[in-house]
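Enquirer: Below you'll find the structure I mean.
There are 2 protein chains.
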Amino acid sequence: MHADRTLRIQPPDWVEETVDWKATYSTDEDRMRVAILLARENVARRTGGPFGAAVFRLPEGALVAAGVNSVTRLVNSVLHAEILAIMLAQKRVGSFTLDLPGGGTHALVTSCEPCAMCLGATLWSGARHLVCGATREDATALGFDEGPVFPESYTYLESRKIAVVRGVLRKEAAEVLQLYQRSGGEIYNA
Amino acid sequence: MHADRTLRIQPPDWVEETVDWKATYSTDEDRMRVAILLARENVARRTGGPFGAAVFRLPEGALVAAGVNSVTRLVNSVLHAEILAIMLAQKRVGSFTLDLPGGGTHALVTSCEPCAMCLGATLWSGARHLVCGATREDATALGFDEGPVFPESYTYLESRKIAVVRGVLRKEAAEVLQLYQRSGGEIYNA
Chain A
0 MHADRTLRIQ
10 PPDWVEETVD
20 WKATYSTDED
30 RMRVAILLAR
40 ENVARRTGGP
50 FGAAVFRLPE
60 GALVAAGVNS
70 VTRLVNSVLH
80 AEILAIMLAQ
90 KRVGSFTLDL
100 PGGGTHALVT
110 SCEPCAMCLG
120 ATLWSGARHL
130 VCGATREDAT
140 ALGFDEGPVF
150 PESYTYLESR
160 KIAVVRGVLR
170 KEAAEVLQLY
180 QRSGGEIYNA
Chain B
0 MHADRTLRIQ
10 PPDWVEETVD
20 WKATYSTDED
30 RMRVAILLAR
40 ENVARRTGGP
50 FGAAVFRLPE
60 GALVAAGVNS
70 VTRLVNSVLH
80 AEILAIMLAQ
90 KRVGSFTLDL
100 PGGGTHALVT
110 SCEPCAMCLG
120 ATLWSGARHL
130 VCGATREDAT
140 ALGFDEGPVF
150 PESYTYLESR
160 KIAVVRGVLR
170 KEAAEVLQLY
180 QRSGGEIYNA
C-alpha cells in the first residue's frame, strides 16, 4: 500500500461567487479592491489569514485567478495568497510562465507586500507587474514574519523587468490586517 | 459553468518505487544521496529540472517526503523540488508546521541551494535543519536564476533557529546539473 501522495488544492467555495469574474479591472486601484475583498472575506469567513491576491491580464484588466491565504485551511505552509493565485493563473493559461509570447502580460496584485517566498515566486511566475497594498511594516505589526526581504530584493525584481508598485490603497488593505487581529486570528508563522 | 479551479499535484510515478521508504538515513550524507538520486532520476526520466529534495524526521532519519522539480511536468512555476517535498511532508504529518510539539524535528535536504522562493518556504515550513548539496554558483553556471538570495538571507534563517549545512556531497550534486545540461534540458526560468 502506498501512502497518498496527491495534493488537492483549491480556493474556498465562496471565492467563486464573491468575486466578479466578468468585470474589467482597468486600474491598479480597481485590481487592488479585488485583492482586499478576498483578504477581508477570508477573515470574515474564517478560511485563513488576512491576505488576498489576484492575477490580471493586461492591458485590459481581465481577472485570471484569485487566491487567498490557505495555510491553516489546507494544512500547508506554502499556500500564501500569492502562491495560490500564481498556480491557478498558470493552470488557467496553460503555461508555467505568465509572460506569454504575444499573449499580453500579467499583473500579480496582493493585499500585502510579499514575504520572501512569495517575492521569489513572483520572479518565477512570469508576471511583469507586482502591485502591493499594505506594507511589510503593517504585517509585522501584527506579529507576522515576512522573512528575508531586503531593499535589494525589490531591486532584483526590477532588474528582471518586473515593475513594482507599492502602497496602493494601503489604508484599506491594512484595515483587514487589523480586523484579523481584533477577531483573534491565528498568527501561524510568528 | 465554473472554471476548474482545483490543482492536483503529485510526484512522478517513478518516485514511489525508486526511493527506499523504509531505510533509515542516519547522516547528512545518507540523506543527501536521496536528494541527489531524485534529481538524477528526474533528469534521466525527463520529468523535470535537475533538482531533488526530501524531508527527514530527526533524530532517527526516517524519510517523510520526497520532491522533484515539477515545473514543466505540472505546468507550475512554484513546484520546485523543495516546495513539493515540504507540501507532501506537511500532508503526511498533518500539520502546517514540521516543528511539531514533542514530535521531533525535521530536516529539509536539497540537492542544490534553494532559490529565493524555496529559502522563504523553508522558513515557514517549520524544518529546523536545511542541508544543501550543489551551490548557487553551480546552478547559475547552467543559466538557472536563483533570485534575490543574499548572505543575510542565511543569517535570517539562522536567527530563526534553522541550522544550515551547505556543500554536502557538492561534487555529486553538481554532476547532476551538468548531466542535465548535456542532455539539453530546458532552463525554464533563465
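If you're matching them up, the sequences are chains A and B in order. Numbering-wise (numbering that gives the first Met the number 0), the first sequence opens with residue 0 and increments by one. Numbering-wise (numbering that gives the first Met the number 0), the second sequence opens with residue 0 and increments by one. Ideal Cβ placement from N, Cα and C applies to all residues, glycine included. This structure is a prediction, so every number in the text was calculated from the model and none was measured.
Going by beta carbon distance, what residues of the same chain come within less than 8 Å of alanine 133 of chain B, once the five residues before and after it are set aside?
Expert: Mapped onto the second sequence, residue 133 of chain B falls at position 134. Cβ within range, chain order: Ser110, Cys111, Glu112, Arg169, Ala172, Ala173, Val175, Leu176.
Enquirer: Could you work out which residues of chain B lie near lysine 160 of chain A, taking near to mean beta carbons separated by less than 8 Å?
Expert: Taking the first residue of the first sequence as 1, we reach residue 160 of chain A at position 161. Correct list: empty, because the minimum Cβ distance to chain B is about 12 Å.
Enquirer: Mapping DSSP to helix, strand and coil, what is methionine 0 of chain B?
Expert: To locate residue 0 of chain B, count along the second sequence from 1; it is residue 1. Residue confidence is low: methionine 0 of chain B scores 45 on pLDDT, short of 50, so the model does not pin down where it sits. No coordinate-derived value is stated.
Enquirer: Run down chain B in chain order and give the residues with a C-beta less than 7 Å from the C-beta of phenylalanine 143 of chain A.
Expert: For the purposes of this step, residue 143 of chain A is identified with residue 144 of the first sequence, where counting begins at 1. Going along chain B, no residue has its Cβ under 7 Å from phenylalanine 143 of chain A, so there is no contact; the nearest lies around 11 Å.
Enquirer: When burial is assigned at 16 or more other CB atoms within 10 Å of the CB, is glycine 196 of chain B buried or exposed?
Expert: Here chain B covers residues 0 to 189 and nothing more, so residue 196 of chain B does not appear.
Enquirer: Consult DSSP for serine 110 of chain B and reduce its assignment to one of helix, strand or coil.
Expert: For the purposes of this step, residue 110 of chain B is taken as residue 111 along the second sequence, with counting starting at 1. Note: serine 110 of chain B maps to strand in three-state DSSP.
Enquirer: Can you grab the Cα-Cα spacing for the pair methionine 0 of chain A / aspartate 12 of chain B, in whole Å?
Expert: Locating residue 0 of chain A in the first sequence gives position 1, where the first residue counts as 1. Locating residue 12 of chain B in the second sequence gives position 13, where the first residue counts as 1. Legend: pLDDT at methionine 0 of chain A = 45, less than 50; position of this residue unreliable, value from coordinates given subsequently. One C-alpha to the other measures close to 14 Å.
Enquirer: What does the alpha-carbon distance come out to for the pair alanine 22 of chain A and leucine 36 of chain B?
Expert: Your numbering for residue 22 of chain A matches position 23 in the first sequence. Your numbering for residue 36 of chain B matches position 37 in the second sequence. Distance between the alpha carbons of alanine 22 of chain A and leucine 36 of chain B: 48 Å.
Enquirer: Under three-state DSSP, which class holds threonine 5 of chain B?
Expert: Here residue 5 of chain B refers to the residue found at position 6 of the second sequence. The answer is coil: DSSP assigns threonine 5 of chain B none of H, G, I, E or B.
Enquirer: Assuming the contact rule is C-beta atoms closer than 8 Å, valine 42 of chain A and alanine 84 of chain A should be a hit. Round their C-beta distance to whole Å, please.
Expert: Mapped onto the first sequence, residue 42 of chain A falls at position 43. Mapped onto the first sequence, residue 84 of chain A falls at position 85. In fact, because the Cβ distance is near 17 Å, the residues do not count as touching under 8 Å.
Enquirer: For the alpha helix (DSSP H) that contains valine 92 of chain B, what are its first and last residues?
Expert: Here residue 92 of chain B refers to the residue found at position 93 of the second sequence. Per DSSP, valine 92 of chain B belongs to the alpha helix (DSSP H) from 80-92.
Enquirer: In whole angstroms, give me the CA-to-CA distance for glutamate 81 of chain A and valine 63 of chain A.
Expert: Residue 81 of chain A sits at position 82 when you count from the first residue of the first sequence. Residue 63 of chain A sits at position 64 when you count from the first residue of the first sequence. Going by the C-alpha atoms only, they are around 13 Å apart.
Enquirer: Using a Cβ-Cβ cut-off of 7 Å (strictly less than) and excluding sequence neighbours within five positions of glutamate 59 of chain A, which residues of its own chain qualify?
Expert: Stepping through the first sequence from its first residue, residue 59 of chain A is reached at position 60. These residues qualify, in order along the chain: Thr23.
Enquirer: Does the beta-carbon distance from leucine 122 of chain B to proline 49 of chain A come in below 9 Å?
Expert: Here residue 122 of chain B corresponds to residue number 123 of the second sequence, with the count starting at 1. Here residue 49 of chain A corresponds to residue number 50 of the first sequence, with the count starting at 1. Not closer than 9 Å, so no.
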